[in-house]
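Novice:
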Amino acid sequence: MELHIDEKKLLKIFQDSGKEEIPVKELSRNELMGSETKVMRSALWLSGKGLVDIVERRRKYVKLTERGEKTLKEGLPERRIAEYLKKKGITHIPIEDVKDILDKSEINPALGYLKRKGIAKIEKGVIHFKTLDYRDEEEEVLKNIKIDGNIEKYPPDILNILKKRGLVEIEETTERSIRLTEKGKEYIKEPIEIKEEITQLTREDIISGRWKECYIRPYDVGVPTEEVYPAKYHPLTRMIYEVREVLLSMGFKEVKSPIVETEFWNFDILFEPQDHPARDMQDTFFLKYPKSGEIPEELLRKVKEVHERGTVDGRKVSKGWNYEFQEEISRRTVLRTHTTVSSIRYLASLSQEEKEKPHKVFCIDRVFRNEAIDYKHLPEFYQCDGIVMDKNVNFDNLIGILVEFLRKLGFDRVRVRPAYFPFTEPSLEAEVYLEGKGWLEILGAGMFRPEVLAPLDIDKPVLAWGIGLSRLAMLKLGLKDIRELHRNDLKWLKSVRYAP
Numbered sequence: 056m057e058l059h060i061d062e063k064k065l066l067k068i069f070q071d072s073g074k075e076e077i078p079v080k081e082l083s084r085n086e087l088m089g090s091e092t093k094v095m096r097s098a099l100w101l102s103g104k105g106l107v108d109i110v111e112r113r114r115k116y117v118k119l120t121e122r123g124e125k126t127l128k129e130g131l132p133e134r135r136i137a138e139y140l141k142k143k144g145i146t147h148i149p150i151e152d153v154k155d156i157l158d159k160s161e162i163n164p165a166l167g168y169l170k171r172k173g174i175a176k177i178e179k180g181v182i183h184f185k186t187l188d189y190r191d192e193e194e195e196v197l198k199n200i201k202i203d204g205n206i207e208k209y210p211p212d213i214l215n216i217l218k219k220r221g222l223v224e225i226e227e228t229t230e231r232s233i234r235l236t237e238k239g240k241e242y243i244k245e246p247i248e249i250k251e252e253i254t255q256l257t258r259e260d261i262i263s264g265r266w267k268e269c270y271i272r273p274y275d276v277g278v279p280t281e282e283v284y285p286a287k288y289h290p291l292t293r294m295i296y297e298v299r300e301v302l303l304s305m306g307f308k309e310v311k312s313p314i315v316e317t318e319f320w321n322f323d324i325l326f327e328p329q330d331h332p333a334r335d336m337q338d339t340f341f342l343k344y345p346k347s348g349e350i351p352e353e354l355l356r357k358v359k360e361v362h363e364r365g366t367v368d369g370r371k372v373s374k375g376w377n378y379e380f381q382e383e384i385s386r387r388t389v390l391r392t393h394t395t396v397s398s399i400r401y402l403a404s405l406s407q408e409e410k411e412k413p414h415k416v417f418c419i420d421r422v423f424r425n426e427a428i429d430y431k432h433l434p435e436f437y438q439c440d441g442i443v444m445d446k447n448v449n450f451d452n453l454i455g456i457l458v459e460f461l462r463k464l465g466f467d468r469v470r471v472r473p474a475y476f477p478f479t480e481p482s483l484e485a486e487v488y489l490e491g492k493g494w495l496e497i498l499g500a501g502m503f504r505p506e507v508l509a510p511l512d513i514d515k516p517v518l519a520w521g522i523g524l525s526r527l528a529m530l531k532l533g534l535k536d537i538r539e540l541h542r543n544d545l546k547w548l549k550s551v552r553y554a555p
C-alpha cells in the first residue's frame, strides 16, 4: 500500500508509542507532525484507506462570564458585606446602609443569598450575621473554575446556582483523537521507513544528482482531501444574475422603480377596478406613513375617464367599468405587488418621439403580497417583468420570445395555454416540462389592453410577461418548500449546486 510521507509519520508515532488511540492535540505536539492541520489531513487520508478512525467526543466545560470574572476579583456581594462588617468590628447592619457597599441591583439578590445560605437573618430591616468567617462552597467553586473548567469536577446544584447568578456559562467542545483500526495495527507491526520524498522535481535536484537519493512520489489524483468551501453567491442571487444576463443578451434594457407606490401606478393605470379583491388588506400592504403620494394630474384624469366611461379624451376605447372613480384611493400608498409597475412607469416616461421607436425593457426586483407564509407563499419575493413595444409585434412574437427566454434558462420543452389576466388580452400561461414532475406553470404573459395603453398615448402593441423568480429557483434547485431559500442553512448553502 502506497502511503504519503505524512501518513507514514503519523503511523510511526503510534508504532513508537505503543498506543492504539492518541488525542489530536498530543499528536500535533510530536516533532514528526507539528500541527493539528497536518495531523487531521494525514488521518483523513489514512481513514480512507481503512488504517485509522477519527474519533470525536463532545465535552462540556464551564467557564466564567464577564460578570463572573469581576465577581471573582471583587468577591460575592454577600462576602463584601461580611468583609465590610469585619473591618467595622460589628455583626449587623441596617439594610438601608447596604447601598454604601453594593450596587442597587446587587442588594436584593444578596439578601436572598444570605438567608438561603443561613449566614444571616433579617429582622426589622437589620441584617444580623451569625458569623463573618463562613465557608462558601459557591465561592470555592468559582475560584476553581478559573483554573479548571472540567464540568465533571463540580456539583451540578452549585453550577446551576452560579449559572442563574450569571457568573458562569456552560459550553461544548469537540475533542478529536486518532485510533488505529485492526488493519492499522497489522500495518505498524512491520518497520516503517521514513524516507525523504520529492513531490516536485527542480532544476537543482537534477543538476546536483539529489534526485537519485530521494524517493520521487507519484501523483495520485484520487487521494481524498479536506473539503473546501469557498465564498459563493446565494443560489437565488445566482439565478437573478442568470436571468438578467439572458435578458440582456436578448437585447433588453433593465429598468427600476420605487418599492413604495401609489395605488394609481400599482393598480389604476393597469385598468384594475378600485373595488377589485386584490386591493384588500388581505392581499396588499398599505402604508400608514406616508399615507398618500403624488400623481401626474393629466394622466390621472385620463385613467379616471377610461375607468368610468371607457373613453380617453372622448375617444371610445372600451365599455369601461361604469363606476365612480375615487382619486383619493389612487393616491394611497402601498408596497408594490408586482414589477409590471416598472414597465408602465417606463412607458409613461417616454416622449412622443421616443414612442415611435421600438422598446425592450425588463425589471428584476422585490415585490410584496400580504399572504400567509406556507410552503409556496412568502410576503416578499423576487419577480421579473418584461415588455416589448413595436408596431410590428404580435401574439406569435410573444410566444417566440418566451420560448427563447425559457430555453436559455435550461427548459427545453415549453408549451403555452390560454389564460386570463386583468391588464392583458389575449393572455397566456407558459409551462415547462420537468422529468419526474411533468408540466409545470412558470409564467404569465399577454398583450397590454387598449385601456392600459390609451391613457399613455401609445397606439402600438405592447407584449408583456412576468415570472416569479422564487418559483423558478424552486424548480431549478428541486425544492419543495419556498422557505428553504431563506433559512440560511449553512450546510445546505455549502453543498447546494446551482446549474445554469
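In our numbering, the protein residues as written are 56 to 555.
Don't be surprised by glycine CBs; every beta carbon is placed ideally from N, CA and C.
(1) With DSSP run on the structure shown, which of helix, strand or coil describes Tyr274?
(2) Can you give the Cα-Cα distance for Ile216 and Ser525, rounded to whole angstroms?
(3) Which same chain residues, not among the five before or five after Ile225, have their C-beta less than 8 angstroms away from its C-beta?
(4) From Ile249 to Glu62, what does the alpha carbon distance come to, in whole angstroms?
(5) So, Phe478 versus Ser385, is the Cβ gap smaller than 8 angstroms?
(6) Can you say whether His432 is buried or exposed, counting buried as having 16 or more other CB atoms within 10 angstroms of its CB?
(7) Flag this pair as yes or no: are the beta carbons of Lys141 and Leu187 separated by less than 8 angstroms?
(8) Rounded to whole angstroms, what's the CA-CA distance from Glu4 to Ile136? Just pull it up for me.
(9) State buried or exposed for Val276, treating a residue as buried only when at least 16 other CB atoms are found within 10 Å of its CB.
(10) Expressed to the nearest angstrom, what Euclidean distance is found between the alpha-carbon atoms of Val396 and Asn321?
(11) Suppose contacts are defined by Cβ-Cβ distances below 8 angstroms. Is Gly521 in contact with His393 by that definition?
(12) Could you spell out where the beta strand (DSSP E) holding Lys154 opens and where it closes?
(13) What beta strand (DSSP E) runs, 3 residues minimum, are completely inside the region 460–536?
(14) What residues in its chain sit with their C-beta under 6 angstroms from that of Lys176, if we drop five residues either side in the sequence?
(15) What residue range does the alpha helix (DSSP H) around Gln70 cover?
(16) Once you ignore the five residues that flank Leu405 on each side, which residues in its own chain have a CB closer than 6 angstroms to its CB?
(17) Below 8 angstroms CB to CB, which residues in the same chain sit around Asp338 once its five sequence neighbours on both sides are set aside?
(18) With Arg234 and Asp71 assumed to form a contact (beta carbons below 8 angstroms), what rounded beta-carbon distance in angstroms separates them?
(19) Output the distance between the C-alpha atoms of Lys536 and Val196, rounded to the nearest integer angstrom.
(20) Rounded to a whole number of angstroms, what is the C-alpha to C-alpha distance between Lys287 and Leu540?
(21) Could you check what DSSP says for Pro78 in three-state terms: helix, strand or coil?
(22) Within 10 angstroms of the Cβ of Tyr430, are there 16 or more other Cβ atoms? Answer buried if so, exposed if not.
(23) Could you check whether Val551 and Pro285 sit closer than 8 angstroms to each other, using their CB atoms as the reference points?
(24) Closest to Glu101 by CA distance: which of Glu268, Lys64, Thr228, Lys125 is it?
(25) Using the beta-carbon count (16 or more within 10 Å), is Cys269 buried or exposed?
(26) Are Val416 and Ile456 touching if we call contact CB-CB under 8 angstroms?
(27) In the DSSP output, which residue or residues are listed as bridge partners for Gln438?
(28) May I ask you to verify whether the region 356–370 touches the region 290–310, counting CB pairs closer than 8 angstroms and requiring at least 3?
(29) What are the complete beta strand (DSSP E) segments, minimum 3 residues, inside the region 281–318?
(30) Helix, strand or coil for Arg265? Go by DSSP, reduced to three states.
(31) Check the C-beta distance from Phe69 over to Ile243 and give it rounded, since I have them as a contact under 8 angstroms.
(32) My assumption, with CB atoms under 8 angstroms, is that Leu99 sits in contact with Met294. Please give the rounded CB distance.
(33) Whole alpha helix (DSSP H) runs in the region 193–269 with 4 or more residues, listed along the chain?
(34) From the DSSP output, in three-state form, read off Asp108 for me.
(35) Determine the direct distance from the alpha carbon of Val367 to that of Leu511, and round the result to whole angstroms.
Specialist: According to the data block:
(1) DSSP places Tyr274 in coil when its eight states are reduced to three.
(2) Looking at the two C-alpha atoms, the distance is approximately 49 angstroms.
(3) Within the same chain, and ignoring the five residues on either side of Ile225 in sequence, the residues whose Cβ sits closer than 8 angstroms to its Cβ are Lys115, Tyr116, Val117, Ile206, Leu214, Lys218.
(4) Rounded to the nearest whole angstrom, the CA to CA distance from Ile249 to Glu62 is 10 angstroms.
(5) Going by C-beta atoms, Phe478 is not nearer than 8 angstroms to Ser385.
(6) Around the CB of His432, fewer than 16 other CB atoms lie within 10 Å, so the residue is classed as exposed.
(7) Closer than 8 angstroms, so yes.
(8) Summary: the structure shown does not reach residue 4, with the chain confined to residues 56 through 555, and so no result is reported for it.
(9) Val276 comes out exposed.
(10) Cα to Cα, Val396 sits roughly 6 angstroms from Asn321.
(11) Yes.
(12) In the DSSP annotation of this structure, Lys154 is not part of any beta strand (DSSP E), being labelled neither H nor E.
(13) 469–476, 479–489, 493–503, 517–523, all fully within the region 460–536.
(14) The residues His183, in chain order, have a CB closer than 6 angstroms to that of Lys176 in the same chain once the five nearest residues on each side in sequence are set aside.
(15) Start and end: 60–72.
(16) None.
(17) Here the set comprises Pro332, Thr392, Arg424, Asn425, Glu426.
(18) Taking 8 angstroms as the upper bound for CB-CB distance, Arg234 and Asp71 are not in contact here, some 16 angstroms apart.
(19) It is Asp, not Lys, that sits at residue 536 in the sequence shown. Cα-Cα distance, rounded: 49 angstroms.
(20) C-alpha separation (whole angstroms): 15 angstroms.
(21) In this structure, Pro78 counts as strand in the three-state DSSP scheme.
(22) Tyr430 counts as exposed, since fewer than 16 other C-beta atoms from the protein chains shown sit within 10 angstroms of its C-beta.
(23) Their beta carbons are not under 8 angstroms apart, which means Pro285 does not touch Val551 by this criterion.
(24) Note on identity: in this sequence residue 101 is Leu, with Glu being the wrong assignment. In terms of CA proximity to Leu101, Lys64 leads the group Glu268, Lys64, Thr228, Lys125.
(25) Around the beta carbon of Cys269, a 10 Å sphere encloses fewer than 16 other beta carbons of the protein chains shown; the residue is thus reported as exposed.
(26) Taking 8 angstroms as the Cβ cut-off, Val416 and Ile456 do not qualify as a contacting pair.
(27) Beta-bridge pairing links Gln438 to Asp420, Gly523.
(28) Three or more Cβ pairs closer than 8 angstroms define a contact, and the region 356–370 falls short of that threshold against the region 290–310.
(29) Entirely contained in the region 281–318, the beta strand (DSSP E) runs reaching 3 residues are, in chain order, 315–317.
(30) In the structure shown, Arg265 sits in a helix (DSSP, three-state: H, G or I).
(31) Taking the Cβ atoms as the reference, Phe69 lies roughly 6 angstroms from Ile243, within the contact range of under 8 angstroms.
(32) Rounded, the Cβ-Cβ distance is 34 angstroms, inconsistent with contact.
(33) Taken in chain order, the complete alpha helix (DSSP H) segments of 4 or more residues contained in the region 193–269 are 211–219, 237–242, 258–263.
(34) Three-state result, Asp108: strand.
(35) CA-CA distance, Leu511 to Val367, rounds to 10 angstroms.
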